[in-house]
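Undergrad: One structure, as structure tokens, below. Some questions next.
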Amino acid sequence: MPEYVLQRPSAASSTPPVLDESQQAVLDHFSAGGGPLQVLAGPGAGKTTALVELVVDRVENGGLSPDQILVLTFSRKAAQEIRSRIARRLARTTSTTPAMTFHAFCYALLRAEQSPTDFANPIRLLSAPENDAMISEVLAGVDAEQWPAVLRPALRTRGLASELRSLIASARALGMDDADLAQVAARTDRDDWRSAARFFDEVTAVAALANTIDHTDLIFAVVNALKDPEVRDRWRAKLALVVVDEYQDTDPLQVELLQALAGDGRDLVVVGDPYQSIYGFRGADVRGIVEFPDAFATAAGPAPRLTLAYTNRYGDDIAAAVRSIVDNKGALGAVDGSAYAALRNPISKVDDPGTVDVRTFSTPTAEAEHIALMLREAHLHDHVAWRDMAVLVRSGAHLTRLQRAMVASSVPVEVAGDELPLAVEPAVRTLLSALHAADSLSRGETLSPDVAHALLTGPLGHLDAAGVRRLGRTLRKADAVDGQSPRASRILIAEALGDPAHLATLEVQGPPARAVEAATRLSELLLTAADQIKDGDPAEQVLWTVWDGTRWPTRLQAEAEGDGDGSARANHDLDAVCALFAEAARAEEREAHRSVAEVARALEAQQIPASSIAQSGDSGDAVQLMTAHRSKGLEWPLVVVAGVQDGEWPDLRARGSLLQGDRLSPDGVQPPPSPWTAAAEERRLFYVACSRARSRLVVTAVASGSDEGDQPSRFVGELHAHLLGAAVRTLPEAEPRPRRSLSLRGAIAELRRIGESTDDEAVRARVAAQLARLAEHPSGRSAHPDRWWGLAERTTNDEPVRDRAEALRLSGSQMNTLTKCALQWFAGHEAKGDRGTSAAQGFGSIVHALAAEAVRSGVEPDVAELSAHLDAVWDALGLAPWISLRERREAVEALEKFAQWHRTNPREVLAVEHPFDVTIDVDGREARFTGSMDRVERDDDGIHVVDFKTSKTPMTAKDAAVNAQLGVYQLAVEAGALDELAPGDGPAGAELVYLRTSTKSAATRTQPGAPEGTTTAREQVTEAVRLIDAEEFAATVGGACGYCAFKRICPAHDEGASILIEEKS
15 MPEYVLQRPS AASSTPPVLD ESQQAVLDHF SAGGGPLQVL AGPGAGKTTA
65 LVELVVDRVE NGGLSPDQIL VLTFSRKAAQ EIRSRIARRL ARTTSTTPAM
115 TFHAFCYALL RAEQSPTDFA NPIRLLSAPE NDAMISEVLA GVDAEQWPAV
165 LRPALRTRGL ASELRSLIAS ARALGMDDAD LAQVAARTDR DDWRSAARFF
215 DEVTAVAALA NTIDHTDLIF AVVNALKDPE VRDRWRAKLA LVVVDEYQDT
265 DPLQVELLQA LAGDGRDLVV VGDPYQSIYG FRGADVRGIV EFPDAFATAA
315 GPAPRLTLAY TNRYGDDIAA AVRSIVDNKG ALGAVDGSAY AALRNPISKV
365 DDPGTVDVRT FSTPTAEAEH IALMLREAHL HDHVAWRDMA VLVRSGAHLT
415 RLQRAMVASS VPVEVAGDEL PLAVEPAVRT LLSALHAADS LSRGETLSPD
465 VAHALLTGPL GHLDAAGVRR LGRTLRKADA VDGQSPRASR ILIAEALGDP
515 AHLATLEVQG PPARAVEAAT RLSELLLTAA DQIKDGDPAE QVLWTVWDGT
565 RWPTRLQAEA EGDGDGSARA NHDLDAVCAL FAEAARAEER EAHRSVAEVA
615 RALEAQQIPA SSIAQSGDSG DAVQLMTAHR SKGLEWPLVV VAGVQDGEWP
665 DLRARGSLLQ GDRLSPDGVQ PPPSPWTAAA EERRLFYVAC SRARSRLVVT
715 AVASGSDEGD QPSRFVGELH AHLLGAAVRT LPEAEPRPRR SLSLRGAIAE
765 LRRIGESTDD EAVRARVAAQ LARLAEHPSG RSAHPDRWWG LAERTTNDEP
815 VRDRAEALRL SGSQMNTLTK CALQWFAGHE AKGDRGTSAA QGFGSIVHAL
865 AAEAVRSGVE PDVAELSAHL DAVWDALGLA PWISLRERRE AVEALEKFAQ
915 WHRTNPREVL AVEHPFDVTI DVDGREARFT GSMDRVERDD DGIHVVDFKT
965 SKTPMTAKDA AVNAQLGVYQ LAVEAGALDE LAPGDGPAGA ELVYLRTSTK
1015 SAATRTQPGA PEGTTTAREQ VTEAVRLIDA EEFAATVGGA CGYCAFKRIC
1065 PAHDEGASIL IEEKS
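Here the numbering used here is used: the first residue of the sequence shown is 15, the next is one more, and so on.
Dropping the structure here:
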């Protein structure tokens, strides 16, 4: 057990940094009199250093105390960094927090201004997921009659809840309340906005009743409070200097807040980069930074503007590539960018010019695999730490694909926790699923098969797919009583998880016993949680029971403490679980006595990423995988910007919405954003992504060979043209999938390939020695020959498949399967893997029954009468309406073909659905055949057996001549199965009659009678008996493979490979 020691991090040096002349100019502005100042700062320009030194200078040389200075930024991480740097430079702590986010400051102001009588009951700030869930709950209770008819069907949908949330956020960002929205709705005659205004008012009332406020309302409330001259003057007196970082991300309401706090010529410095304005979808307006000099003008004129002239991030080559993205390409939309020439052309202080590569690939898979290979090469050959590399994408749609490729190549990867809603986190999803399962069991319900399978194969059950199959086979064997066919394993497993007593009665050993034990532990855990739910225990306590009741926490802790590939993932899962418990505790605090199911549903309803999944510790050495938006403010030595595809980046799709919140303005409905504006923001986003690289930048895309396939973005062509010095966009040649892998798995595969493809004994010896060394490593077990498929001897079970002391019992259909593929017979019949009755089988059963009834009635078949019987039972098939109409039509057609065939058939009908049970001697071994013959007929030659088929494609005449099922029927006749009906008559042939073909009449296939037909049948029976007794159940590739239910576990097909690997591991 490792010992943990808390250590204070070593304090960084408080030595003042050497400022360049442009940074010093920021300090000089306030030494010379101050007033509002705009500072433009590009990537790596040292803006944070300039801000920190400004604060220190004002405290040490300007006579201000730290509590007279307010530094505002847009993220907690940035605020924490600035606070820490200020504290180190001042060499002391302060009584107030000099740096905070806009929302943290507004919350502090709101608390400071609230009535003293309310101080003990502070207003609570809702997290984004909580606000999302609250809006959904309020929407669920609205009066549908107050909404336009076109919106009523959507009132209970998450989509409309999202639309309303966006509309309310847009209104708040514009400084509007529900009354303002109602007035705009009246002026524009928009019923949807009129209803939304009423909903806005209701949401505000619900929040006030619960003493809560969301982030958007928070700034609005503070701006309203500051409209009171007394409040505004009080806070202006407190704050002698206001500093704003990332000013390009402000929205109009935040600008109004700054006007109230530091307008009218007061000391205010804003730092930003208009080329990094990428949050237009959140309401940020690039015009805010462009128009700052005029918006904060003084009596002397517009506010001055300074530009930080240097970059400390990258060298000249990367700087030139990054500059080419925005230089004279409309990155500021309709705004004239000429004033920002110095910002686009910083002077680099980095000696290494850096490298820039543009690469395209033939497929998305090739792109992902090459990226993984590139990262491994950088780590192994160039000694770049995993944490010093990042892969950035335009949208989260690419995250899963790239993450899988990196994991497969043994590249440790970490996906940012706040990219996904909390309930989507795998660890959280597992626990919420367990809560729902326990809730179902507490009400006496059986779990669904899908839920049971997910719990068993998840971290709570910790069973692999092979273990689940063993559990299913064990339960099916116990369910097969009195000769009845057992139910499907999925159903039995679902029932067993609610009945640990039944699991305890199963007598098994070896691997099946371990599977049963795992299922028993999970079942007992779920029932314990179910009992707590019955007793009314809070969700947090039930959640703890589920979490603490398995070995999962121990496994996660061990992985998190290790240095393997799973360390980062385990740390993230632990963070997600902690966030879940925090949310469950808050849910109990907000509204006590909520049921477990209600709490779980509320958590699942949260659709906004949960920022509460904090990086609570060192997440390990892993490549960072995230969206370009989230990379803002970060940097790495090596950055890959991936998936830069046409149609995705730039994403110029129309962003219109149902309620058009993006077009709301205080004056009414504003025109939709122009494509030029959208393209400008997309270009700025690409600029941000590429400017994260310090030493090496790689931009990748897929260039499909077909016109309809994926094609690279124009950004890729422009950047490649810049690298080549070309005047027009160009693309590099697309690369196929890599031929090698630098992962351990790839090295083992390559060594095996070399060893198996050469006859050079010296080479084979060296390969064997390398594999032996790898096999000694815990991660290299697959290098050992004992784990290679195809080398092990065939195994036999101590208990034979069929008891040789008893007659071997078979049926005609089983014989048919055995002769085609012994493995299919074993998997379907002996292993009980056959599926339940399908719609096609139900169709056949109905047609067979009606065909038999028509003969029993003793009159000519009447299709109208048969159709009436068909209608009486048809709904029992449970088909979808559109399928039912088609299938019923085909059933009537099949009955018509039967009636026609029956009328033209000259043979005498002896019996229909005639059962038989005969025993045949096969070289001293008895084979017992049972079954039923659809129809038995007689003519002058002897007995004919007819088997009706409702499949659409008849077999060939050649196959019918040796059909094993027909052969068994003829052997049964020869063995006396019809002696009571036709004593002395022998088999004269058998016939397949297809009633569902596309032909106008029934199609027939015949098999000759004795001796030819029975001789072949006897040979088939002899071989079947031998295969079963020898247990040689080999896979046979043939025409039946196309519709075989066991193709995914068959070693003769690629689909079966995953099962082999799974079983072996």
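Beta carbons: idealized from backbone N, C-alpha and C, even for Gly.
In this text, all values refer to a predicted model and were calculated from it rather than measured experimentally.
Quick one: grab the DSSP three-state call for Ser630.
TA: Residue placement at Ser630 is poorly supported in this model, since its pLDDT is 46, which falls under 50; the coordinates still yield a value, given next. Three-state DSSP puts Ser630 in coil, outside helix and strand.
Undergrad: Report buried or exposed for His397, applying the criterion of at least 16 other Cβ atoms within 10 angstroms of its Cβ.
TA: Exposed is the call here.
Undergrad: Below 8 Å between beta carbons: does that hold for Val284 and Gln52?
TA: Yes. Within cutoff.
Undergrad: Can you grab the Cα-Cα spacing for the pair Pro30 / Met114, in whole Å?
TA: Distance between the alpha carbons of Pro30 and Met114 is about 23 Å.
Undergrad: Look at the alpha carbon of Pro799 and the alpha carbon of Ala411, and state the distance between them as a whole number of angstroms.
TA: So the alpha carbons of these two residues sit roughly 40 Å apart.
Undergrad: Alpha carbon to alpha carbon, what distance is there between Leu406 and Ala715?
TA: About 12 Å.
Undergrad: Output the distance between the C-alpha atoms of Pro50 and Ser709, rounded to the nearest integer angstrom.
TA: Between Pro50 and Ser709, the C-alpha separation is close to 36 Å.
Undergrad: Under 8 Å between the Cβ atoms of Gln828 and His843?
TA: The answer is yes: Cβ separation under 8 Å.
Undergrad: Could you tell me which uninterrupted beta strand (DSSP E) segments, each at least 3 residues in length, are contained entirely in the region 624–706, listed from first to last along the chain?
TA: Taking only runs of at least 3 residues, the beta strand (DSSP E) segments lying wholly in the region 624–706 are 637–641 and 650–655.
Undergrad: Within the same chain, show all residues whose beta-carbon is closer than 8 Å to that of Ser825, passing over the 5 residues directly before and after it, in chain order.
TA: Counting only Cβ-Cβ distances below 8 Å, and skipping sequence neighbours, we find Phe943, Thr944, Gly945 and Val982.
Undergrad: Quick one: measure Cβ to Cβ for Arg952 and Val926, integer angstroms, because I've assumed they're closer than 8 Å.
TA: Contact flag wrong, Cβ pair sits at about 13 Å.
Undergrad: Can you list, in chain order, the residues of its chain with a C-beta nearer than 8 Å to that of Ile505? Leave out the 5 residues immediately preceding and following it.
TA: The residues are Pro463.
Undergrad: Helix or strand or just coil, what does DSSP make of Pro929?
TA: In this structure, Pro929 counts as strand in the three-state DSSP scheme.
Undergrad: Can you give me the C-alpha to C-alpha distance between Ser630 and Cys592, rounded to a whole angstrom?
TA: Bear in mind that the predicted position of Ser630 carries a pLDDT of just 46, short of 50, making it unreliable; the figure below should be weighed with that in mind. Roughly 10 Å separates the two Cα atoms.
Undergrad: Short of 7 Å in beta carbon distance, which residues of its chain neighbour Ala821, apart from the five on each side in sequence? Order them along the chain.
TA: Around Ala821: Thr933, Glu940, Ala941 and Arg942.
Undergrad: Inspect the beta-carbon positions of Ala707 and Trp663 and report whether they are closer than 8 Å.
TA: For Ala707 and Trp663, no; Cβs fall outside 8 Å.
Undergrad: Output yes or no for whether 8 Å exceeds the beta carbon distance between Leu446 and Ala614.
TA: In contact: Leu446 and Ala614 (Cβ atoms closer than 8 Å).
Undergrad: To which residues of the same chain is Asn145 closer than 7 Å at the C-beta, ignoring the five residues directly before and after it?
TA: Result list for Asn145: Asp228, in chain order.
Undergrad: So, under 8 Å CB-CB, Phe306 and Leu267 are touching, yes? Tell me the CB distance rounded to an integer number of Å.
TA: Not quite, the Cβ-Cβ distance comes to about 16 Å (not below 8 Å), so this is no contact.
Undergrad: For Lys241, does the count of other Cβ atoms within 10 angstroms reach 16, so buried, or fall short, so exposed?
TA: Answer is exposed; the Cβ neighbour count stays below 16.
Undergrad: Going by the CB atoms, is the gap between Ala656 and Glu381 shorter than 8 Å?
TA: Yes, the Cβ-Cβ distance between Glu381 and Ala656 is below 8 Å.
Undergrad: Can Val257 and Val69 be called in contact, C-beta distance under 8 Å?
TA: A contact, by the Cβ cut-off of 8 Å.
Undergrad: Taking the straight line between their C-alpha atoms, what separation do you get for Gly1006 and Glu1045?
TA: Just to set this straight, residue 1006 is Leu in the shown sequence, not Gly. Distance between the alpha carbons of Leu1006 and Glu1045 is about 31 Å.
Undergrad: What does the Cβ neighbour count give for Gly1027, buried or exposed, with the cut at 16 atoms within 10 Å?
TA: It is buried - the Cβ of Gly1027 has at least 16 other Cβ atoms within 10 Å.
Undergrad: Measuring only the C-alpha atoms, how far is Val73 from Leu272?
TA: So the alpha carbons of these two residues sit roughly 22 Å apart.
Undergrad: Going by C-alpha distance, which of Leu416, Gln82 and Val217 is nearest Arg408?
TA: Considering only alpha carbons, the answer is Leu416.
Undergrad: In its own chain, which residues sit with a C-beta less than 7 Å from the C-beta of Ala59, not counting the 5 before and 5 after it?
TA: So the list reads Leu322, Tyr324, Thr325 and Pro360, once near-sequence residues are dropped.
Undergrad: Rounded to whole angstroms, what is the Cα-Cα separation between Arg900 and Glu151?
TA: In a straight line, the C-alpha of Arg900 is about 43 Å away from that of Glu151.
Undergrad: Check whether the Cβ atoms of Ala717 and Thr970 sit closer than 8 Å, and answer yes or no.
TA: No; because the gap between Cβ atoms is not below 8 Å, this pair is not in contact.
Undergrad: Starting from Ser709, follow its DSSP beta bridges and name the residues at the other end.
TA: DSSP lists no partner for Ser709.
Undergrad: If you run the structure through DSSP and keep just helix, strand and coil, what is Ile332?
TA: Helix at Ile332.
Undergrad: Give every residue of the same chain whose Cβ lies closer than 7 Å to the Cβ of Asp402, excluding the five residues on either side of it in the sequence, and list them in chain order.
TA: If we look at Asp402 and ignore the five residues flanking it on each side, its Cβ neighbours are Trp650, Pro651 and Leu652.
Undergrad: Taking all protein chains shown into account, do 16 or more other C-beta atoms lie within 10 angstroms of the C-beta of Arg754, making it buried, or fewer, making it exposed?
TA: That one is exposed.
Undergrad: Check each candidate in Leu165, Glu270 and Arg337 and name the one with the smallest Cα separation from Cys704.
TA: The shortest C-alpha separation from Cys704 is found at Arg337.
Undergrad: I need the straight-line Cα distance from Asp632 to Leu666, nearest angstrom please.
TA: Note that Asp632 scores 48 on pLDDT, short of 50, meaning its location in the model is unreliable; the coordinates nonetheless yield the value given after this. In a straight line, the C-alpha of Asp632 is about 38 Å away from that of Leu666.
Undergrad: Looking at the structure shown, is Ser454 part of a helix, part of a strand, or coil, going by DSSP?
TA: Helix, per DSSP.
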